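In numbering that gives the first Met the number 0, the protein residues as written are 0 to 184.
Structure first, then comments.
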Amino acid sequence: MNNTAGAGIILIQTLLEIVVLIALLRFMLQWVKADQYNPISQAIVRISDTFLKPLRSFVPSTDKVDSASLIFLFALQYISITLATTGTTPTVLVFATIAAIVSLIANILFWSIFILSILSWFQSSIENHPGITLLRQFSAPILNPIRKLIPANGGVDFTPIIGLLGVKIFEVIVTAILQDLARAL
């Protein structure tokens, strides 16, 4: 493969990864029931509708799962991994795709919790910023159950640390299981 073809593949993979991220964020917006009046949420919905409207005509969605964005996300991630690898069976590619999506979700959750925990150290005027609100909504499904079990103790909240560890442990375990299944087939 010459340099021009390699650069073209990198460009295509980068564009695919951006669209994958947008589709994943769209899926997560519905999953966490994010505020639909948030300008960042609205931008993600508008951008993703460009790709998802044709798919929605024949893929039904439920109340909790945006099936069209999930199928679109899976297809794009599959294509991206196919471009990056050679000589891999379709079954292994399916497991690699699922592992990549789980890893992406875990990374979004991890960084949402991490950024919020750093911002909690400061009194700031960005408390009501749409981005911060969205990060709170993304991290709520992880942190709220932990907060019920372990309330803040003396003004110190250990919930983000437990949440960060839990997300990373979940990612490692699930991706390892998927890799083992792929090797077994």
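A virtual CB, placed ideally from N, CA and C, is assigned to each residue, including glycine.
None of these values were measured; they are calculated from a predicted model.
Limits of the alpha helix (DSSP H) - the one that residue i falls within
i           : result
residue 194 : Here the chain has residues from 0 to 184 only, and residue 194 is not among them.
residue 172 : 158 to 183
residue 73  : 66 to 83
residue 136 : 129 to 148
residue 231 : No answer is possible for residue 231: the residues shown for the chain start at 0 and end at 184.
residue 42  : 38 to 55
With 16 other Cβ atoms within 10 Å as the buried cut-off, status of residue i
i           : result
residue 48  : exposed
residue 133 : buried
residue 40  : buried
residue 137 : buried
Pick from the options that is closest to residue i, judged by C-alpha positions
i           : options           : result
residue 115 : 16, 5, 98 and 139 : 139
residue 57  : 70, 144 and 131   : 70
residue 53  : 62, 84 and 66     : 66
residue 131 : 10, 44, 33 and 8  : 33
residue 64  : 179, 93 and 22    : 22
Per the contact definition of three or more C-beta pairs closer than 8 Å, is the region 20 to 27 in contact with the region 100 to 109? yes
Would you check if there are 3 or more beta carbon pairs closer than 8 Å linking the region 62 to 82 to the region 158 to 169? no
Inter-stretch contact at 8 Å, needing at least 3 Cβ pairs: the region 88 to 104 / the region 172 to 182: yes
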